[in-house]
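K.L.:
In this text, residue positions in the sequence shown follow this note's numbering: the first is 2, and each later residue adds one. Pasting in a structure now, in structure tokens, and then I'll have a few things to ask.
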Amino acid sequence: MNAQYHNFHAISNDSHPSWYFESMTIIHWNNHIGYMGYTPQEISSMANLGSSLSIYNGLIYDLTDYLNYSPAVKGPNSEQAPTGTDTQFMDSTLVNLFKYTSGQDLMKGINNLNIDSGMLTT
Numbered sequence: 002m003n004a005q006y007h008n009f010h011a012i013s014n015d016s017h018p019s020w021y022f023e024s025m026t027i028i029h030w031n032n033h034i035g036y037m038g039y040t041p042q043e044i045s046s047m048a049n050l051g052s053s054l055s056i057y058n059g060l061i062y063d064l065t066d067y068l069n070y071s072p073a074v075k076g077p078n079s080e081q082a083p084t085g086t087d088t089q090f091m092d093s094t095l096v097n098l099f100k101y102t103s104g105q106d107l108m109k110g111i112n113n114l115n116i117d118s119g120m121l122t123t
């Protein structure tokens, strides 16, 4: 059994606190081929097929799952979230841009919204 090679519990005196990071770094550099990219025409086609994605500042943002499945809050151990918890954490005007003008470059539209630029970078 290979368990002897993967026992990183503190009690084993061989904890390897950075094991996950080191393993993922090795996997990434050994298997990374490149970044996935889409042309604006492909993004438009994906939007026409029902995806809610757009371009902002040269990057593609996909809000399909956010729009199709309402955000929810789950408490630990199946506890109920406090009453009044706002699950709609994204600005509604921003969400509506993705909803109604999906597949386009939204640079001008988003920059014209009354949203703090610091909020857009977080």
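Quick reminder that beta carbons are idealized off the backbone N, C-alpha and C, glycines included.
Could I get the ranges of all uninterrupted beta strand (DSSP E) runs contained in the stretch 45–121, with 3 residues as the minimum, in chain order?
P.N.:
Runs found: 54–57 and 60–63.
K.L.:
Would you check if the distance between the CB atom of S24 and the CB atom of G104 is smaller than 8 Å?
P.N.:
Going by C-beta atoms, S24 is not nearer than 8 Å to G104.
K.L.:
What residue from H29, I34, W30 and Y62 has the CA that sits closest to P41's CA?
P.N.:
Closest option to P41, Cα to Cα, is Y62.
K.L.:
Since L107 and Y57 are thought to touch, with beta carbons under 8 Å apart, how far apart are those beta carbons, to the nearest angstrom?
P.N.:
Sure, about 5 Å apart at Cβ, within 8 Å.
K.L.:
Following the continuous alpha helix (DSSP H) through S24, name the residue where it begins and the one where it ends.
P.N.:
W20 to N32 is the span of the alpha helix (DSSP H), which, as asked, contains S24.
K.L.:
Determine, using beta carbons only, whether L60 and S53 come nearer to each other than 8 Å.
P.N.:
For L60 and S53, no; Cβs fall outside 8 Å.
K.L.:
Sorted by chain position, which residues of the same chain lie with C-beta nearer than 8 Å to T102's C-beta, five sequence neighbours on each side aside?
P.N.:
So the list reads S55 and G110, once near-sequence residues are dropped.
K.L.:
So which of S79, D66 and F90 has the shortest CA-CA distance to K100?
P.N.:
Per the Cα distances, D66.
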